[in-house]
Amino acid sequence: MSDTLPSRYDKHAPRFDPEQPLTLLRYFEDLADVFAAHPNAVPNDATKKAVVVKYVPMYEEELWKGVPEFSDDSKSFEDFKGAVLALYPAVKEDQRYSVGDMDRVVGERQRVGIHNLADLAAFHRDFLLITRYLRKNDIISVREQGRAFQRGFQPELWNKIFRRLQIKDIDHQPDTPYNVDEVYKAVEFILHGMSAI
């Protein structure tokens, strides 16, 4: 086992994508693996801090070096890590997603449209990723989730979906939104056979 750390250009080097802040958590997990694999190369907290900034893009490197915990030798690696994580609210468990994120995904999909099963699957995945978090944290209700999912479809497609849903559940209350699974199955039925190209 070598105690030489991977180069920043090494294909096995830890990576952080600033465009995807949630990758920061994985970045620190990967760094922990690097530290465990090369204990002699990272003998103290100051060295660990230097390694953390080694693998990130230049802007992040400058930003992270600017937090007081980086240069303060009395601050531990964990203090520095906490300061870096604080720069990215999306990685905080209580701030991971917002209703605005849900509205952005819905609005974007409504604008772009759903033309085939691949489009539907992409929208469904993005929507569930955000709304499951919002539901789990009691930020939105099941009804709000259903209503938001329905808004993601362009009017022409929504009319077809709505007709399909009415056929499937003739006793559905008019003011009650259909749940996400019901809508997904109806759209799947309508789009079945449409080309993914």
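Position one of the sequence shown corresponds to residue 1322 (our numbering), numbered consecutively onward.
Each residue gets a CB set at the ideal place from its N, CA and C atoms; glycine is no exception.
By the CB criterion at 7 Å, A1507 and R1485 fall inside the cutoff.
For F1401 and G1434, the gap between their C-alpha atoms comes out near 43 Å. At the C-beta level, V1374 and E1382 come within 7 Å of one another. In the DSSP annotation of this structure, the continuous segment of the alpha helix (DSSP H) that includes E1390 starts and ends at P1389 to S1392. Going by C-alpha positions, T1325 is about 26 Å away from G1403. Boundaries of the alpha helix (DSSP H) harbouring L1438: L1438 to K1457, taken from the DSSP string. DSSP places I1435 in no alpha helix (DSSP H); its state is neither H nor E.
I1451 sits buried, since 16 or more C-beta atoms from the chains shown fall within 10 Å of its C-beta. Around the beta carbon of A1407, fewer than 16 other beta carbons lie within 10 angstroms, which makes this residue exposed. The three-state secondary structure of E1381, taken from DSSP, is helix. In this structure, P1342 lies near Y1409, with their beta-carbon atoms less than 7 Å apart. Here R1456 is not near P1498, since their CB atoms are 7 Å or more apart. Counting of Cβ neighbours within 10 angstroms places H1513 among the exposed residues, the total staying below 16. Sequence-distant partners of G1387 (beyond 5 residues in either direction) whose C-beta falls short of 8 Å from its own C-beta are missing from its chain.
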